Amino acid sequence: MSDTGFSPADPAARAYPFYRDAHFMFRLIARGRPYICPFEPIVRWVPPGARLFDIGCGSGLWLMTLGTLNHIETGLGVDTNARALQIARQAAARLAKEEPRPTLTFHHTTTIADWPDEQFDVVSLIDVLHHIPPRNQNEFLDAAWRHVRPGGRLVYKDMGSAPKLHALANRLHDLILSRQLVHYISVDEVAEQLKASHGVILHQEAWRRGVYAHELLVVEKCK
Ligand SMILES: C[S@@+](CC[C@H](N)C(=O)[O-])C[C@H]1O[C@@H](n2cnc3c(N)ncnc32)[C@H](O)[C@@H]1O
Numbered sequence: 081m082s083d084t085g086f087s088p089a090d091p092a093a094r095a096y097p098f099y100r101d102a103h104f105m106f107r108l109i110a111r112g113r114p115y116i117c118p119f120e121p122i123v124r125w126v127p128p129g130a131r132l133f134d135i136g137c138g139s140g141l142w143l144m145t146l147g148t149l150n151h152i153e154t155g156l157g158v159d160t161n162a163r164a165l166q167i168a169r170q171a172a173a174r175l176a177k178e179e180p181r182p183t184l185t186f187h188h189t190t191t192i193a194d195w196p197d198e199q200f201d202v203v204s205l206i207d208v209l210h211h212i213p214p215r216n217q218n219e220f221l222d223a224a225w226r227h228v229r230p231g232g233r234l235v236y237k238d239m240g241s242a243p244k245l246h247a248l249a250n251r252l253h254d255l256i257l258s259r260q261l262v263h264y265i266s267v268d269e270v271a272e273q274l275k276a277s278h279g280v281i282l283h284q285e286a287w288r289r290g291v292y293a294h295e296l297l298v299v300e301k302c303k
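Using the numbering used here, read the sequence shown as starting at 81 and increasing by one per residue.
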């Protein structure tokens with residue numbers, strides 16, 4: 081596991097100006113993002129021109145980052161948090177005025193059944209699965225995988241469950257910010273589940289940034 085250190089050049093910085101009307105707390109958290117969960121190591125796993133489905137998109141920072149890079153064709157984000165989605169829509173509307181492509185849309189969903197009935201080039205799950213109750217995690221992951229088209233890929237990133245001290249830091253972070261005791265699933269378990277469903281591991285990586293540990297997994301679906 082490498083320690084990537086802080087890179088102020090994280091691509092998320094490109095999206096910040098589009099959130100200038102967002103609540104102060106949101107802007108503070110977004111600004112701290114490169115210290116906690118950088119997008120820099122993840123962007124390269126999204127093929128240019130992809131149609132992307134981002135599950136648990138929150139305020140849309142990931143899709144907005146890809147949007148400002150003009151890296152994707154379309155982006156659809158879903159989340160259970162209506163307030164976060166409102167912030168995402170405002171930022172996307174501002175981006176659309178400056179840069180008509182790509183089209184970014186955000187839908188409020190309460191269950192898997194609300195997700196669109198289509199498949200995408202890329203499905204991303206970034207720091208979401210640990211928010212799902214353990215009994216539902218496999219089903220949630222399965223549903224995300226079903227939305228990947230044959231030949232497409234799932235870009236999965238989550239906070240690391242090891243080393244223990246870093247996992248504790250992640251847990252405290254979520255307890256304070258989300259008021260939720262989160263449940264990590266091991267990245268190897270995620271990899272095994274997807275391999276059993278015609279997935280081929282393209283990339284697996286773990287890194288640390290400060291007290292936070294990260295795990296990235298990129299899995300392609302066989303045609
Ligand atoms: C730590 S945030 C990550 C947000 C975003 N992916 C990012 O990286 O900036 C986790 C997000 O997952 C969302 N979430 C939790 N349970 C969900 C569910 N069942 N369906 C969709 N989103 C969910 C939360 O509302 C929150 O926005």
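Ideal Cβ placement from N, Cα and C applies to all residues, glycine included. This one's a predicted model, so the numbers in the text were calculated from it and none came from an experiment.
{"Query": "C-beta neighbour in chain C for K303, strict 8 Å", "Result": "In summary, chain C is missing from the structure at hand, where a single protein chain is found."}
{"Query": "Beta-carbon gap between G136 and E153 smaller than 8 Å", "Result": "no"}
{"Query": "Contact belief for I265 with L209 at Cβ below 8 Å, rounded distance in angstroms", "Result": "6 Å"}
{"Query": "Any 3 or more C-beta pairs closer than 8 Å across the region 94–107 and the region 147–161", "Result": "yes"}
{"Query": "Reduced DSSP secondary structure (H/G/I, E/B, other) of H283", "Result": "strand"}
{"Query": "Under 8 Å between C-beta atoms of D90 and P114", "Result": "yes"}
{"Query": "Segment contact, 8 Å Cβ cut-off, at least three pairs: the region 168–180 with the region 202–218", "Result": "no"}
{"Query": "Backbone CA spacing between P196 and A249 [nearest angstrom]", "Result": "35 Å"}
{"Query": "F104 classed as buried or exposed, judged by whether at least 16 other C-beta atoms fall within 10 angstroms", "Result": "exposed"}
{"Query": "Heavy atoms of ligand 1 versus C-beta positions, residues under 5 Å", "Result": "G136, G138, L141, D159, T160, N161, I206, D207, V208, H211"}
{"Query": "Beta-bridge partners of F186, as assigned by DSSP", "Result": "G157"}
{"Query": "Cβ contact (3+ pairs, closer than 8 Å) linking the region 182–196 and the region 115–124", "Result": "no"}
{"Query": "Assigned exposure category for L245 - 16 Cβ within 10 Å defines buried", "Result": "exposed"}
{"Query": "Boundaries (first-last residue) of the beta strand (DSSP E) holding G129", "Result": "Unbroken run through G129: none, as it is neither H nor E."}
{"Query": "Bridge partner(s) assigned by DSSP for Y96", "Result": "Paired residue(s): none; Y96 is not in a bridge."}
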